[in-house]
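Take a look at the structure below.
2 protein chains.
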Amino acid sequence: MSATGVTPAPTVGRPRAFDMEKALQKALEVFWRKGYEGASLPDLCEAMGINKPSLYAAFGNKEQLFLKTIELYENRPCAFFYPALERATSYEVVQHMLCGAASTNADPDNPPGCVIVQGALACSESATFVKEALIAKRRAGEVALCTRLEQAKAEGDLPAHAEPAALARYILAVLQGMAVQATSGANCVELKQVAETVIAAWPGKKPEL
Amino acid sequence: MSATGVTPAPTVGRPRAFDMEKALQKALEVFWRKGYEGASLPDLCEAMGINKPSLYAAFGNKEQLFLKTIELYENRPCAFFYPALERATSYEVVQHMLCGAASTNADPDNPPGCVIVQGALACSESATFVKEALIAKRRAGEVALCTRLEQAKAEGDLPAHAEPAALARYILAVLQGMAVQATSGANCVELKQVAETVIAAWPGKKPEL
DNA sequence: AGGAATACTTACCAATCGGTACATTATTGT
DNA sequence: ACAATAATGTACCGATTGGTAAGTATTCCT
Chain V
294 MSATGVTPAP
304 TVGRPRAFDM
314 EKALQKALEV
324 FWRKGYEGAS
334 LPDLCEAMGI
344 NKPSLYAAFG
354 NKEQLFLKTI
364 ELYENRPCAF
374 FYPALERATS
384 YEVVQHMLCG
394 AASTNADPDN
404 PPGCVIVQGA
414 LACSESATFV
424 KEALIAKRRA
434 GEVALCTRLE
444 QAKAEGDLPA
454 HAEPAALARY
464 ILAVLQGMAV
474 QATSGANCVE
484 LKQVAETVIA
494 AWPGKKPEL
Chain L
294 MSATGVTPAP
304 TVGRPRAFDM
314 EKALQKALEV
324 FWRKGYEGAS
334 LPDLCEAMGI
344 NKPSLYAAFG
354 NKEQLFLKTI
364 ELYENRPCAF
374 FYPALERATS
384 YEVVQHMLCG
394 AASTNADPDN
404 PPGCVIVQGA
414 LACSESATFV
424 KEALIAKRRA
434 GEVALCTRLE
444 QAKAEGDLPA
454 HAEPAALARY
464 ILAVLQGMAV
474 QATSGANCVE
484 LKQVAETVIA
494 AWPGKKPEL
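Going line by line, the protein sequences match chains V and L.
Residue numbering for the first sequence follows the working numbering, beginning at 294 and increasing consecutively.
Residue numbering for the second sequence follows the working numbering, beginning at 294 and increasing consecutively.
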């Protein structure tokens with residue numbers, strides 16, 4: 294198993310004629326817009342600018358390609374979530390999460406919504422593995438936020454009666470709902486209003502004005 | 294065009310050997326669990342206990358069958374939304390919506406989540422019509438709630454600075470997020486905690502204790 | 001220059017997709 | 001009894017699905 298998780302470029306043989314990262318980015322766009330099952334191999338190949346045997350040689354199969362695009366997604370467009378956890382107060386944490394979600398979910402340069410939500414929400418049995426991988430990603434985010442809110446509670450940043458698990462679930466529900474709203478056509482301003490509504494009622498300490 | 298929208302039972306010819314409403318109910322379950330595109334005709338036929346020609350004769354095609362199941366869905370399991378609008382105060386309106394969603398989204402007797410959310414969130418071009426029909430359903434709910442909140446504001450039930458459109462969008466986002474949570478395995482108690490978090494911070498007048 | 005190794009192109013595969021033609025069976029009206 | 005009508009079961013349709021075999025082209029190493 295390589296340390297980077299990426300197959301190292303071989304020193305011999307014909308060199309690859311396309312950029313794997315750019316191809317992944319294009320595949321991500323297709324999966325993002327159409328979901329795992331709705332994206333066909335011709336769709337993917339056309340967007341990636343390669344043909345099927347190249348796709349299979351480089352990425353394994355459709356399922357593995359999808360999982361790799363999700364990895365890319367978490368490191369690039371959706372990169373607001375985990376960094377937000379490092380903010381000083383729970384107020385700022387949720388503020389950055391919700392505002393980041395509003396921006397990326399309704400970014401006109403990307404498909405609307407969130408691929409981790411809409412990539413495989415309801416699907417046939419053949420996509421069960423992918424569906425559960427996305428469930429795990431969503432749950433991981435919830436657990437991470439819950440841990441952060443427990444810390445906030447311990448620090449007195451959240452009141453003693455606060456329930457970090459319930460609050461984390463609530464915030465994740467709002468984030469996921471914002472993704473649905475974005476796929477329905479909501480724009481960034483509209484999503485920021487949702488974010489603002491949540492933030493205004495946040496039980497944690499607010500920053501000085 | 295018939296008044297009921299249902300083809301009247303013909304007086305001559307071989308009688309239908311299955312109950313259309315029960316078959317629709319079974320089809321709804323399949324679409325609910327697998328989504329519009331993830332549900333294949335064999336899936337549907339098996340669940341409905343009929344075969345393809347009967348399905349097409351009775352319901353038109355897959356798309357029309359889906360739209361009919363959505364109609365059934367709105368009148369049956371998901372029947373908490375519009376009735377909730379008739380409550381006396383905005384507090385009770387959102388309380389009933391959120392608690393109703395918690396119950397039906399995580400009802401162990403039904404598939405998890407909400408078919409109007411997950412039926413066709415991200416899909417191929419061939420499902421565009423269905424996808425937009427669901428978007429329209431979601432938007433209609435949002436508009437109806439917004440109208441109800443405008444009334445609440447006019448009645449002094451909501452403060453003068455309240456923005457009904459933003460609040461309605463927020464509540465719908467939470468409802469849709471709860472559906473996503475349910476498909477991820479959240480149970481009724483967990484969803485009720487989300488509902489309670491929202492209700493506790495609702496800006497409208499709270500009922501007497 | 002000549003392997004060895006890798007990627008690309010074309011053409012194909014079985015399985016499944018949504019949808020239907022056709023013959024058969026069951027019912028009503030006369 | 002007999003036509004008219006409608007639902008059923010079987011068997012099929014072309015198109016598309018994810019995936020691959022095989023031949024060709026391009027590179028590195030000796």
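Ideal Cβ positions, reconstructed from N, Cα and C, are used throughout, including at glycine.
Three or more beta-carbon pairs separated by less than 8 Å are not found between the stretch 450 to 458 of chain L and the stretch 391 to 398 of chain L, which leaves the two stretches without contact. Residues of chain V with a Cβ closer than 9 Å to the Cβ of L:THR476 are, in chain order, LEU414, ALA415, LYS424 and ILE428. Burial check for V:GLN388: the Cβ neighbour count within 10 Å reaches 16 or more, so the residue is buried. Cβ neighbours of L:GLU483 within its own chain (closer than 8 Å, five residues either side excluded): ALA399 and GLN474. The three-state reading of DSSP puts V:PHE311 in coil, since its state is none of H, G, I, E or B. Rounded to whole angstroms, the gap between the alpha carbons of L:ARG309 and L:ALA316 is 12 Å. Listed along chain L, the residues sitting closer than 8 Å to V:THR490 by beta-carbon distance are ALA459, LEU460 and TYR463. Membership of V:LYS498 in any alpha helix (DSSP H) is not indicated, and neither H nor E is assigned to it by DSSP. For L:ASN398, the enclosing alpha helix (DSSP H) has its first and last residue at 383 to 398. CA-CA distance, L:ALA459 to V:GLN486, rounds to 6 Å. Contiguous alpha helix (DSSP H) elements confined to the stretch 302 to 347 of chain L occur at 313 to 331 and 334 to 341, taking only those with 4 or more residues. Contact between V:PHE374 and V:GLY434 is confirmed by a C-beta separation of about 6 Å, below the 8 Å threshold. The same chain holds no residue with a CB closer than 6 Å to that of V:LYS355 once the five nearest residues on each side in sequence are set aside. With contacts defined as CB atoms closer than 8 Å, V:ARG441 and V:ILE409 fail to qualify as a contacting pair.
Within the same chain, LEU358 and LYS361 come within 7 Å of V:PHE352 by CB-CB distance, once the 5 residues on both sides are set aside. Cα atoms of V:GLU385 and V:LYS498: separation of roughly 9 Å, rounded to the nearest angstrom.
Looking at L:ALA332, L:ALA447, L:ALA420 and L:ARG307, the one whose alpha-carbon comes closest to that of L:THR382 is L:ALA447.
Boundaries for V:ARG380: no alpha helix (DSSP H) harbours it, and the DSSP string shows neither H nor E there. When the beta-carbon positions are compared, L:LEU378 and L:LEU438 come within less than 8 Å of each other.
Contact between L:LYS327 and V:SER417 holds, since their C-beta atoms are separated by about 5 Å, short of 8 Å. Shown here, V:PRO404 sits in coil according to DSSP, grouped into three states, outside any helix or strand.
Bounds of any alpha helix (DSSP H) do not take in L:PHE373, whose DSSP letter is neither H nor E.
Linking V:TYR329 to V:ILE363 through their CA atoms gives a straight-line distance of about 11 Å. Within its own chain, the residues whose Cβ lies closer than 8 Å to the Cβ of V:LEU465, once the five positions on either side in sequence are excluded, are ARG431, GLY434, GLU435 and LEU438, listed in chain order.
Out of V:TYR366, V:TRP325, V:ALA415 and V:LEU348, the CA that lies nearest to the CA of L:GLU322 is found in V:ALA415.
When secondary structure is reduced to three states using DSSP, L:CYS416 falls in the coil class, being assigned neither helix nor strand. Our two residues, V:THR476 and V:PRO404, have alpha carbons roughly 8 Å apart in a direct line. Collapsing the DSSP output to three states places L:LEU427 in a helix. The shortest C-alpha to C-alpha distance from L:GLU314 to any of L:GLY306, L:ASP336, L:LEU365 and L:ALA350 is the one to L:LEU365. Taking 8 Å as the CB threshold, V:GLU330 lines the interface with chain L.
Chain-order list of chain L residues neighbouring V:LYS327: ALA415, CYS416 and SER417, by C-beta distance under 7 Å. At a cut-off of 8 Å, the C-beta of L:ARG441 has no neighbouring C-beta in chain V.
At a cut-off of 8 Å between beta-carbon atoms, V:SER396 makes no contact with chain L.
Distance from the CA atom of L:LEU427 to the CA atom of L:MET471, rounded to whole angstroms, is 17 Å. Using a Cβ-Cβ cut-off of 7 Å, V:GLU356 is close to nothing in chain L; its nearest Cβ partner there is about 15 Å away. From the listed residues L:GLY331, L:CYS338 and L:ILE492, the smallest Cα separation to V:LYS424 is found for L:GLY331.
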